[in-house]
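Written out below as structure tokens is the structure these notes cover.
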Amino acid sequence: MPELPEVETIRRELEPLIRGKTFARPILHISSTVEYPTPEEFTAGLEGRTVSALTRRGKYLFINLDQGILTVHLRMTGNLVYSEAGRPREERFLRASLPFMDNTALHYFDMRRFGRLWLVIDENELNRLVLKRVGPDIFNEVSCEDFLAMLDQRRPSKLKALLLDQGFASGMGNIYTDECLFRCGLHPERRVSSLKHAEAEELYRAIQDVLADGIRYGGTTFRDYRNASGALGEFQSKLDVYGRRNETCRCGTAIEKKVVAGRGTYYCPRCQK
DNA sequence: AGCACCACCTGTGGGC
DNA sequence: TGCCCACAGGTGGTGC
Numbered sequence: 021m022p023e024l025p026e027v028e029t030i031r032r033e034l035e036p037l038i039r040g041k042t043f044a045r046p047i048l049h050i051s052s053t054v055e056y057p058t059p060e061e062f063t064a065g066l067e068g069r070t071v072s073a074l075t076r077r078g079k080y081l082f083i084n085l086d087q088g089i090l091t092v093h094l095r096m097t098g099n100l101v102y103s104e105a106g107r108p109r110e111e112r113f114l115r116a117s118l119p120f121m122d123n124t125a126l127h128y129f130d131m132r133r134f135g136r137l138w139l140v141i142d143e144n145e146l147n148r149l150v151l152k153r154v155g156p157d158i159f160n161e162v163s164c165e166d167f168l169a170m171l172d173q174r175r176p177s178k179l180k181a182l183l184l185d186q187g188f189a190s191g192m193g194n195i196y197t198d199e200c201l202f203r204c205g206l207h208p209e210r211r212v213s214s215l216k217h218a219e220a221e222e223l224y225r226a227i228q229d230v231l232a233d234g235i236r237y238g239g240t241t242f243r244d245y246r247n248a249s250g251a252l253g254e255f256q257s258k259l260d261v262y263g264r265r266n267e268t269c270r271c272g273t274a275i276e277k278k279v280v281a282g283r284g285t286y287y288c289p290r291c292q293k
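FYI, the numbering for the first sequence is 21 to 293, going by this note's numbering.
This is the structure:
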């Protein structure tokens with residue numbers, strides 16, 4: 021489900037709703053939702069902690085506390101939903117309930133159960149246990165100059181694989197990668213090493229633009245994504261290629277789909293070189 | 001190093 | 001019409 025714009029949408033919406041609130045005792049409906057520490061340590065450690073700020077790196081959301089950092093990764097189908105009243109309307113796929121002292125709550129839903137929660141004591145532990153292989157946030161922490169310097173001209177991989185590599189830079193997922201490559205007219209199978217300087221700059225620009233647009237429209241609901249209020253995103257109506265196999269590109273050519281870097285990849289064979 | 005493949009899960013839509 | 005299985009916004013491990 022969620023790529024950078026979806027997580028950022030949740031972050032922006034959630035922060036004013038929960039900043040200053042204090043957690044009551046969490047209920048883990050599926051204990052494997054907690055990756056670290058043990059479920060018992062997680063519930064005991066979160067109870068009584070107060071939210072100070074919400075931050076993000078790539079697809080990771082950090083709920084910073086007066087002591088420690090509650091970390092969330094939604095993977096494919098996770099939803100983090102804030103509810104005014106204590107209990108959610110629909111309990112199917114509810115994996116964890118994180119109530120606050122004032123009887124509001126954060127509910128974590130996840131159909132496929134891939135998403136995870138962590139409770140770490142500080143940034144040091146966060147970097148060591150969670151963010152070992154997570155590169156800088158592509159939207160907030162990488163300037164054009166940085167990006168050009170990061171592009172290793174000897175790197176043999178394809179553009180699609182580069183952008184999906186969270187260790188290179190974090191936040192891009194399958195949808196925004198395809199949309200970004202369409203926007204800058206680069207083929208997903210182009211080799212990183214073949215990029216000219218101007219093309220690399222256009223790629224950087226397209227990444228920033230597509231992510232900004234995704235955030236502006238509240239993310240993409242292709243299937244399951246919901247924001248922190250349970251509402252749908254709206255960027256799906258702006259997609260140029262993703263999910264549009266056999267539809268016509270604005271150039272008149274049919275959009276194709278093939279597997280690149282192990283992921284279903286949509287592109288225009290005429291516009292993208 | 002990078003890539004292909006599997007694993008983790010559940011649901012569903014497209015093809016036969 | 002109905003059934004089945006390929007595939008789905010992600011990532012981590014393994015082995016080549």
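Backbone N, C-alpha and C fix where the C-beta goes; we use that ideal spot for every residue, glycine too.
This structure is a prediction, so every number in the text was calculated from the model and none was measured.
Contact between Ile235 and Glu28 holds: their C-beta atoms lie close to 5 Å from each other, under 8 Å. Using a Cβ-Cβ distance cut-off of 8 Å, the region 268-275 and the region 189-201 are not in contact, since fewer than three pairs of beta carbons, one from each stretch, lie closer than that value. Pairing Val140 with Asp229, the inter-Cα distance amounts to about 33 Å. Cys271 sits exposed, since fewer than 16 C-beta atoms from the chains shown fall within 10 Å of its C-beta. Taking one beta carbon from each stretch, the region 85-92 and the region 141-154 have 3 or more pairs nearer than 8 Å; the two touch. Taken in chain order, the unbroken stretches of alpha helix (DSSP H) that lie wholly in the region 25-81 and span 4 residues or more are 59-66. Within the same chain, Gln186, Gly187 come within 8 Å of Arg153 by CB-CB distance, once the 5 residues on both sides are set aside. Around the beta carbon of Glu199, a 10 Å sphere encloses 16 or more other beta carbons of the protein chains shown; the residue is thus reported as buried. Beta-bridge pairing by DSSP links Ile83 to Leu74, Leu90. With a cut-off of 8 Å on Cβ pairs, the region 115-135 is in contact with the region 35-51, counting three or more such pairs.
Contact check for His207 against Gln292 passes: the beta carbons are separated by less than 8 Å. Beta-bridge analysis with DSSP links Val279 to Gly284.
Contact between Leu94 and Pro22 holds, with the beta-carbon distance rounding to 4 Å and staying under 8 Å. DSSP assignment within the region 95-148 yields the following whole beta strand (DSSP E) runs of 3 residues or more, N-terminal first: 98-103, 114-119, 125-130, 136-140. Residue range 217-236 is occupied by the alpha helix (DSSP H) that includes Asp229.
Listed as beta-bridge partners of Ser190 by DSSP are Asp157. If you check the CB distance, Leu231 and Leu171 do not come in under 8 Å.
Residue environment for Asn266: exposed (fewer than 16 other C-beta atoms within 10 angstroms of its C-beta). Taken atom to atom, the span from the alpha-carbon of Tyr102 to that of Tyr245 is near 14 Å. Straight across, the Cα-Cα distance linking Ala226 with Lys178 is about 17 Å.
Contact between Arg77 and Arg31 fails: their C-beta atoms lie close to 11 Å from each other, not under 8 Å. The beta carbons of Arg283 and Leu184 sit closer together than 8 Å.
Taking the Cα positions, Ser72 is about 21 Å away from Asn99. When rounded, the separation of the alpha-carbon atoms in Glu67 and Pro46 is 7 Å.
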